[in-house]
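Residue numbers (the numbering used here): 588 to 778.
Here it is in structure tokens:
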């Protein structure tokens with residue numbers, strides 16, 4: 588996908604979030620999701636400019652789909668609030684919802700637990716696992732919080748300076764001597 592424009596990447600069914608939250612600061616929660624959902628709008632520019640019925644129906648359908656999505660992720664009670672007025676944990680969830688609004692089959696999450704306290708991280712783990720299962724999508728996550736990684740991931744790839752050091756289930760990774768040595772220092776064996 589290197590070199591592709593964002594709309595082409597989205598058309599391939601790929602969505603991503605960033606380590607730093609990138610919400611539209613002056614927009615409401617609903618407006619943030621509607622902007623993302625716009626890539627799937629079934630109308631063209633002429634229909635929008637002329638206010639034709641097809642465009643109006645498409646926008647109404649889009650609104651209903653966004654409302655349903657916000658309901659599924661328990662953000663429907665804040666749809667009219669400014670996105671940046673939400674607590675940090677909800678802003679992170681909204682960032683993920685914006686990506687979900689593009690209807691991806693692959694969701695890339697760049698350090699979703701960055702800046703979160705332990706309670707927020709726990710809620711985020713449950714949230715990501717739920718959307719993975721409910722929306723039946725593949726989640727590729729880059730994360731340094733091992734509790735989050737072990738709590739969500741079915742398969743883990745550990746990189747050390749850009750080289751794959753190990754791959755496996757959470758249990759396999761926790762017991763992998765290369766991983767332990769690389770991230771915890773050399774391990775002494777009992778004599």
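Built from N, CA and C at the ideal position, the CB exists for glycine as well.
Measuring only the C-alpha atoms, how far is residue i from residue j?
i           : j           : result
residue 733 : residue 653 : 32 Å
residue 660 : residue 714 : 8 Å
residue 604 : residue 675 : 15 Å
residue 645 : residue 629 : 6 Å
residue 691 : residue 631 : 21 Å
residue 718 : residue 662 : 14 Å
residue 595 : residue 686 : 15 Å
residue 635 : residue 593 : 22 Å
residue 618 : residue 705 : 29 Å
residue 759 : residue 770 : 15 Å
Looking at residue j and residue i, is the spacing between their C-beta atoms short of 8 Å?
i           : j           : result
residue 708 : residue 716 : no
residue 693 : residue 727 : yes
residue 695 : residue 601 : yes
residue 678 : residue 615 : no
residue 684 : residue 620 : yes
residue 712 : residue 738 : yes
residue 666 : residue 673 : no
residue 671 : residue 612 : yes
Can you list, in chain order, the residues of its chain whose CB lies under 8 Å from that of residue i, leaving out five sequence neighbours each side?
i           : result
residue 736 : 728, 730, 743 and 757
residue 609 : 682
residue 710 : 676
residue 793 : For residue 793 there is no data in the structure shown, the boundaries of the chain being 588 and 778.
residue 640 : none
Within a Cβ cutoff of 6 Å, which residues of the same chain sit near residue i, ignoring the five residues on either side of it in sequence?
i           : result
residue 765 : 752 and 753
residue 763 : 753
Using a Cβ-Cβ cut-off of 7 Å (strictly less than) and excluding sequence neighbours within five positions of residue i, which residues of its own chain qualify?
i           : result
residue 664 : none
residue 624 : 649, 652, 653 and 688
residue 680 : 660, 662 and 714
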